[in-house]
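Residue numbers (the working numbering): 2 to 265. Cβ coordinates follow ideal geometry from the N, Cα and C atoms, glycine included. Notes follow the structure.
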Ligand SMILES: [Zn+2]
């Protein structure tokens, strides 16, 4: 069995640390800073032997060099990336095997063009499948489209939506309450969203992370995952949000939600 711990970094990043208790080793996902990771490993007397990178942004890779110098871990990251510090370049369909825990690699361009996600169908982490999705999917949100196009991002999110519903979603940022303010404004009559917001506010008041959520929750609640939900279509239609006229159907609805959030 493995345990998983969020290591807070910067103002709202989580560096997810997967701990193999049997061997006292750890893997971290997207270490944007080395210092909090080094402190955590020292306190728990763990050796770092793997780093998983989702995309090239500095708040996800900034600590890699220092951790590499300290531990010489395996470093997995996307192929064709502006980040050149990976030792193993990954593409769609590749597998990462860490201590018997197998991760499928999915390419999920949109937030950046190099973005990948790691999914394990095994239930060795907190007894559920796990998804490390960086800045692609957030609780009730999704990453801004810095490099990709709306249709591309929707296609990436559709890949994640097709994973087992009980998958736990380990996002890289604690953006949940801000995302919920937008989601509730867009869908004020959605009772399930209201209940989720109350639960998340309670967690933050107690300094507890709102993450991970589950894919089941995101599919039901997240307006960026509900491009085929008539309630979301009606909400964006009412606002007459202008997007690229070439966009049609579900891509158009997704693009409208994303644009509404960009100016919220
Ligand atoms: Zn990013």
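Sequence-distant residues of the same chain with beta carbon closer than 7 Å to residue i, five excluded per side
i	result
residue 80	90, 91 and 92
residue 167	129, 130, 215 and 217
residue 160	107 and 109
Check whether residue i and residue j have beta carbons under 8 Å apart
i	j	result
residue 33	residue 6	no
residue 178	residue 205	yes
residue 176	residue 213	no
residue 38	residue 16	yes
residue 248	residue 151	yes
residue 184	residue 110	no
residue 222	residue 141	yes
residue 236	residue 187	yes
residue 117	residue 55	yes
residue 124	residue 102	no
residue 243	residue 229	no
residue 233	residue 133	no
residue 258	residue 224	yes
residue 256	residue 245	yes
Cβ shell of residue i (< 6 Å), same chain only, five flanking positions each side left out
i	result
residue 48	26
residue 83	57
residue 51	28, 74, 75 and 99
residue 72	49
heavy atom of ligand 2 below 7 Å from residue i C-beta
i	result
residue 136	Among the ligands present in this structure, namely ligand 1, ligand 2 is not found.
Segment limits, alpha helix (DSSP H) that includes residue i
i	result
residue 218	216–222
residue 135	Residue 135 -> not in any alpha helix (DSSP H); beta strand (DSSP E) instead, spanning 129–135.
residue 199	192–206
residue 175	First-last for residue 175: undefined, no H or E at that position.
residue 46	Residue 46 -> no alpha helix (DSSP H), and no H or E assigned at all.
residue 68	65–72
Boundaries of the beta strand (DSSP E) in which residue i is found, first to last residue
i	result
residue 169	169–172
residue 147	Premise fails: residue 147 is in no beta strand (DSSP E) and is neither H nor E.
residue 254	Here residue 254 belongs to no beta strand (DSSP E); instead the alpha helix (DSSP H) covers 250–263.
residue 6	3–10
Cβ separation of residue i and residue j, assumed to be a contact under 8 Å, to the nearest whole Å
i	j	result
residue 263	residue 145	7 Å
residue 96	residue 104	7 Å
residue 68	residue 35	5 Å
Neighbourhood of residue i by C-beta, 8 Å cutoff - its chain only, sequence neighbours within 5 removed
i	result
residue 174	13, 14, 15, 136 and 139
residue 220	162, 166, 226 and 227
residue 197	141, 181, 218 and 222
Below-8 Å beta-carbon distance, residue i vs any chain D residue
i	result
residue 191	Going by chain labels, chain D is absent from the structure shown, which holds only one protein chain.
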